[in-house]
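Oh and the sequence shown: position 33 is 33 in full-length UniProt numbering, straight run, nothing missing.
Glycine included, C-beta positions come from ideal geometry on N, C-alpha and C.
Report on the structure given below.
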Amino acid sequence: MENYQSTNTCTYNILYVQFNEDFERSKYFSYDVKYPVIYNIRNQSTYVNPVILNNINNAVRMTVNNFKNGLQEEEREYNNAAPQNSLPKQSYWVSTSYAVTFNKNYVLSMILNLMGFANNYGPKYNTLNNYNIDLTTGKELLLNDIFRDGVDYINIITDYIKSQINENREMYYSNVELVIPEDQAFYLTDNGIIIYFGVDEIAPESFGIPKFELKFSDFGNFINLRFYCISPDIYVQSRGRAKHFMG
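In structure tokens form, the structure reads like this:
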């Protein structure tokens with residue numbers, strides 16, 4: 001595989017990413033959810049339409065709340081029925097985390113991991129959500145946006161992932177039929193594209209979330225230069241914390 005070095009220079013998005021944490025403890029249901037809220041920074045070269053940032057923030061917050069509320073409802077239903085079924089009551093809890101993985105050239109890529117547990121088993125649920133957003137339009141980016149026009153990206157990705165699976169065949173289901181749809185889950189990092197699959201989709205549940213990295217240095221000839229670029233030496237990501245406890 002040919003190594004390709006980009007000569008295109010990146011421009012970082014100067015945005016404020018505030019860390020937020022909500023947590024609560026009760027007898028049978030607890031949660032500790034972490035999520036970002038993104039703002040413009042005054043008097044900076046980067047300016048994103050606040051409507052776009054609000055849409056991202058609202059989508060993330062809604063996803064976290066829906067996941068938390070869904071597991072809380074499951075806990076109530078189970079524990080209300082447990083005595084009638086001669087079963088012990090169970091404790092449920094929710095944990096979420098996030099990472100901003102790519103923040104350049106008016107492109108934002110971010111992941112949100114949602115995990116739900118019951119008793120001491122777990123996780124019962126393990127989901128990775130991605131947010132790949134063109135900050136100039138608010139449009140969600142798909143894989144075809146990351147590649148240059150005319151590139152047969154589906155075959156490129158399929159062939160690469162198949163080769164990776166074949167190198168570690170014992171880790172995956174033997175009857176995997178790999179299909180890469182146009183809306184395949186992925187996120188961006190400074191080093192490449194991470195293609196990932198759901199728990200129990202192509203590998204046993206114990207494997208977790210299978211991920212495959214297509215490095216820009218290996219696939220750069222096929223990549224839109226907006227996403228593969230040389231980074232400046234200095235990058236300071238915004239900081240801030242807000243915690244909310246409900247007891």
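Distance CB(L15)-CB(N40) smaller than 9 Å: Stepping through the sequence shown from its first residue, residue 15 is reached at position 15. Stepping through the sequence shown from its first residue, residue 40 is reached at position 40. Against a cut-off of 9 Å, the Cβ pair of N40 and L15 comes out as a contact.
Cβ-Cβ separation, L143 to E182 (assumed contact under 8 Å), whole Å: Here residue 182 corresponds to residue number 182 of the sequence shown, with the count starting at 1. Here residue 143 corresponds to residue number 143 of the sequence shown, with the count starting at 1. Between L143 and E182 the Cβ distance is about 7 Å, and since that is below 8 Å, they are a contact.
D152 burial status per 10 Å Cβ neighbour count (16 or more: buried): Mapped onto the sequence shown, residue 152 falls at position 152. Taking a 10 Å sphere around the C-beta of D152, we find fewer than 16 other C-beta atoms and assign the residue as exposed.
Distance CB(F227)-CB(I161) smaller than 9 Å: Along the sequence shown, read from residue 1 onward, the residue named residue 227 stands at position 227. Along the sequence shown, read from residue 1 onward, the residue named residue 161 stands at position 161. One thing to note: F227 has its Cβ no nearer than 9 Å to the Cβ of I161.
Cβ pair count under 8 Å reaching 3, the stretch 88-96 against the stretch 21-38: yes
Rounded C-alpha distance that separates T23 from L225: Mapped onto the sequence shown, residue 23 falls at position 23. Mapped onto the sequence shown, residue 225 falls at position 225. For the sequence presented, residue 23 should be read as Phe rather than Thr. Each residue's Cα considered, the two are about 41 Å apart.
Stretch-stretch touch, CB-based, cutoff 8 Å, three pairs: the stretch 132-148 with the stretch 113-124: Output reads no: the stretch 113-124 does not touch the stretch 132-148.
Nearest-angstrom Cα separation, counted from G192 out to V51: If you number the sequence shown from 1, residue 51 lands on position 51. If you number the sequence shown from 1, residue 192 lands on position 192. Those two C-alpha atoms are separated by around 28 Å.
Cα-Cα separation, T101 to Y187: Position 101 of the sequence shown, counting from 1, holds the residue named residue 101. Position 187 of the sequence shown, counting from 1, holds the residue named residue 187. The alpha-carbon atoms of T101 and Y187 are separated by roughly 8 Å.
Secondary structure of I161, DSSP reduced to three states: For the purposes of this step, residue 161 is identified with residue 161 of the sequence shown, where counting begins at 1. The three-state reading of DSSP puts I161 in helix, counting H, G and I together.
Of the listed residues P36, N13, T9, nearest to E21 (C-alpha basis): Position 21 of the sequence shown, counted from the start, is the residue given in the question as residue 21. Selected option, being the one with the closest Cα: P36.
Inter-residue spacing [alpha-carbon to alpha-carbon] between I156 and I195: Here residue 156 is taken as the residue at index 156 of the sequence shown, counted from 1. Here residue 195 is taken as the residue at index 195 of the sequence shown, counted from 1. Going from the Cα of I156 to the Cα of I195 covers about 12 Å.
Pairwise C-alpha distance: F147 and N219: By 1-based counting over the sequence shown, the position of residue 219 is 219. By 1-based counting over the sequence shown, the position of residue 147 is 147. Per the sequence shown, residue 219 should be read as Phe rather than Asn. If you take the alpha carbons of F219 and F147, they lie about 10 Å apart.
Buried versus exposed, by CB contacts within 10 Å (16 or more), M62: Walking along the sequence shown from the start, residue 62 turns up at place 62. It is exposed - the Cβ of M62 has fewer than 16 other Cβ atoms within 10 Å.
For Y172 and I165, believed in contact at Cβ under 8 Å, the rounded distance: Along the sequence shown, read from residue 1 onward, the residue named residue 165 stands at position 165. Along the sequence shown, read from residue 1 onward, the residue named residue 172 stands at position 172. Right, the Cβ-Cβ distance comes to about 5 Å (below 8 Å), so this counts as a contact.
9 Å Cβ cutoff met for V107 and L135: Taking the first residue of the sequence shown as 1, we reach residue 107 at position 107. Taking the first residue of the sequence shown as 1, we reach residue 135 at position 135. Yes.
Selected residue, minimal CA-CA separation from L214, among L112, L178, D190: In the sequence shown, residue 214 corresponds to position 214, counting from 1. The residue with the shortest Cα to Cα distance from L214 is D190.
Nonlocal neighbours in the same chain, by C-beta distance under 6 Å from M110, ignoring five residues either side: On the sequence shown, residue 110 is found 110 positions in, with the first residue counted as 1. Closer than 6 Å at Cβ, skipping near neighbours: V100, Y131.
Residues near Q184 in its chain [Cβ-Cβ closer than 7 Å; skip 5 each side]: By 1-based counting over the sequence shown, the position of residue 184 is 184. For Q184, the CB contacts under 7 Å within the same chain, skipping 5 residues up- and downstream, are L143, I195 in chain order.
C-alpha gap between E73 and Q18, whole angstroms: Looking up residue 73 in the sequence shown gives position 73. Looking up residue 18 in the sequence shown gives position 18. Taking the straight line from one Cα to the other gives about 29 Å.
With 16 other Cβ atoms within 10 Å as the buried cut-off, status of N105: Mapped onto the sequence shown, residue 105 falls at position 105. That one is buried.
Own chain residues within Cβ distance below 8 Å of F222, not counting five before or after: Position 222 of the sequence shown, counted from the start, is the residue given in the question as residue 222. So the list reads F147, R148, V151, Y153, I156, once near-sequence residues are dropped.
Residue ranges of each alpha helix (DSSP H) within the UniProt domain "Deacetylase PdaC" (25-113), 4 or longer: 50-81
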